[in-house]
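The numbering used here puts the first residue of the sequence shown at 4, with every later residue one more than the last. We treat Cβ as the ideally placed atom computed from N, Cα and C, and that holds for glycine.
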Amino acid sequence: MSALYYRTVSLGAVLALAGSLGAGFILGAFLPRMVSARSERVVSYEEAVAGPVQGDAGGGSGPVEGDAGGSGPDAEIPLSAEIYDGPGFARSMPIDRKEDWIAWMREGGRGDSPAFMEERWALAGAFVQSGELKRPEDVRAFLLSPREHFVRARNRGYEYADTWLSIGYGATITDPDVVAMMTTTLEIKPGEKVLEIGTGSGYQSAILSYLTTNVYTIEIIEPLFIETDRLYRDLEAAFPSYSVIKRKLGDGYYGWEEYAPFDKILVTCSIDHIPPPLLKQLKTGGVMVLPLGPPGRQYIMEVKKEASEDGGVTLSRRDVYNGMSVRFIPFRNEAGGSYSASP
Ligand code: SAH
C-alpha cells in the first residue's frame, strides 16, 4: 500500500474469485507468485478516458491523522557524488555471489551497514526465486536501495521484514515484495519517463532512480510530502541518484501534465477505475501498473496502451499476481474523499 495492509489468499477469496472471474483463475489463486502471461482486452480506450467505467465503490475514507514518525537519515555516509552517472552506475555491480556484491558496495564507499546488506541480499534472493524480481537491472536497483532510510524510526528492526509498515498520516511504506513486483512489471529502460502516484516514504521512487534519470512523483498529504522531500535532500550527498527525483505536492489523479507523456506510470494507492487523466498522459506503447479494485481488495494490474492496426488505441490488462488480492491505501482527493466510480 503502499500501503499494503495485508494480502488475502483465503479459500473464501479463492472461491469468490473463481465465481466472479471464471475457473481459469483458480489455478492462479493457488499459485499467487506465478506471473501470468494472460492478458485481456478491457474497455475501449475511448470509454476509459471518457470517465470512470468499472468497479463497485464503497465509502471513501481519507487518511487519518497519524503520528509523524520522522526518521533521521544517517547523513554521515560518505560517497562521492561523481560516482552517479544515472543507471549506468549500477551496471558493473556483480550480483552472482553475495561476497562479490558486498565487496563492490564497500568499494563504492557508501558505508551501508553489513547487517542491512545481508538482509537486503536475502530479500532480493527470495524475490528472484518468487519471480517478483527478474531482470538484472531490477535486482541491482533493489540491492542499491537502502530501505532502512525510508522505514520510520519507530519501526527499527523491521527494515527488511517483508511487510508494509506505517509511515504516519494513514500512509504506509509498501511491502518490499510488492514494490519489487511493480518495478519488475514496468521493465523500465534508461531514459524513460516514469511517473509515480503516491510518494509516501520515498522508497519506491528511490528504486526507480537507479533505473532511469527521469523520475516524477506526486504526493497529496502535505506534511508527508515535506518529510520525504527533506529526507531526499538529506540523503542526496550520499545517494546522488535521489537528486533526479522530481517531486510535487498535489492530487496525482490528474497526473503531471507539464511533463507528460510518460513511458511508465506507477500508482501506489488503490482505486476502482483507471484515472482517465493518467491514461491520457501515458504514451502509446506505455505501461501503467496500479492496484485496481473496490475498497478492501485490489489486484495489481498491468495496463498496456497500444496502437491498434486501424490507427486507434487499445488497452489490455493483466493481473500480475494472477488472482491474489492486495490492499492498498486509498487513492483520495484533496478533500480526503474517495475517487470510487460508484457511490
Ligand atoms: N510508494 C509509497 C506508497 C505510500 S502509500 C511508498 O512505498 O512508501 C500510498 C500513498 O499514496 C500515500 O502516501 C497517500 O498519501 C498517497 N496518495 C493517496 N491519494 C493520492 C493522490 N490523489 N495523489 C497523490 N498521492 C496520493
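When the options are compared against residue i, the one with the closest alpha-carbon
| i | options | result |
| --- | --- | --- |
| residue 100 | 113, 92, 91, 127 | 127 |
| residue 238 | 103, 114, 309, 287 | 114 |
| residue 211 | 285, 140, 107 | 140 |
| residue 220 | 321, 250, 94 | 250 |
| residue 120 | 103, 318, 207, 255 | 103 |
| residue 157 | 188, 136, 315, 170 | 170 |
| residue 287 | 187, 301, 109, 267 | 267 |
| residue 3 | 343, 326, 325, 324 | Past the edges of the chain, shown from 4 to 346, lies residue 3, and the structure says nothing about it. |
| residue 290 | 188, 340, 312 | 188 |
| residue 336 | 109, 311, 273, 294 | 273 |
| residue 150 | 177, 131, 254 | 177 |
| residue 246 | 194, 49, 217 | 217 |
Residue i and residue j closer than 9 Å at C-beta
| i | j | result |
| --- | --- | --- |
| residue 227 | residue 172 | yes |
| residue 222 | residue 252 | yes |
| residue 174 | residue 201 | yes |
| residue 262 | residue 198 | yes |
| residue 328 | residue 296 | yes |
| residue 305 | residue 321 | yes |
| residue 279 | residue 52 | yes |
| residue 185 | residue 147 | no |
| residue 47 | residue 285 | no |
| residue 144 | residue 106 | no |
| residue 130 | residue 180 | yes |
Span of the alpha helix (DSSP H), counted from its first residue to its last, around residue i
| i | result |
| --- | --- |
| residue 147 | 139-147 |
| residue 1 | Residue 1 is absent from the model: the chain starts at 4 and stops at 346. |
heavy atom of the ligand SAH below 8 Å from residue i C-beta
| i | result |
| --- | --- |
| residue 197 | no |
| residue 194 | no |
| residue 331 | yes |
| residue 336 | yes |
| residue 229 | no |
| residue 206 | yes |
| residue 253 | yes |
Extent of the continuous beta strand (DSSP E) run through residue i
| i | result |
| --- | --- |
| residue 294 | 285-295 |
| residue 196 | 196-200 |
| residue 108 | Not the beta strand (DSSP E): residue 108 falls in the alpha helix (DSSP H), residues 101-111. |
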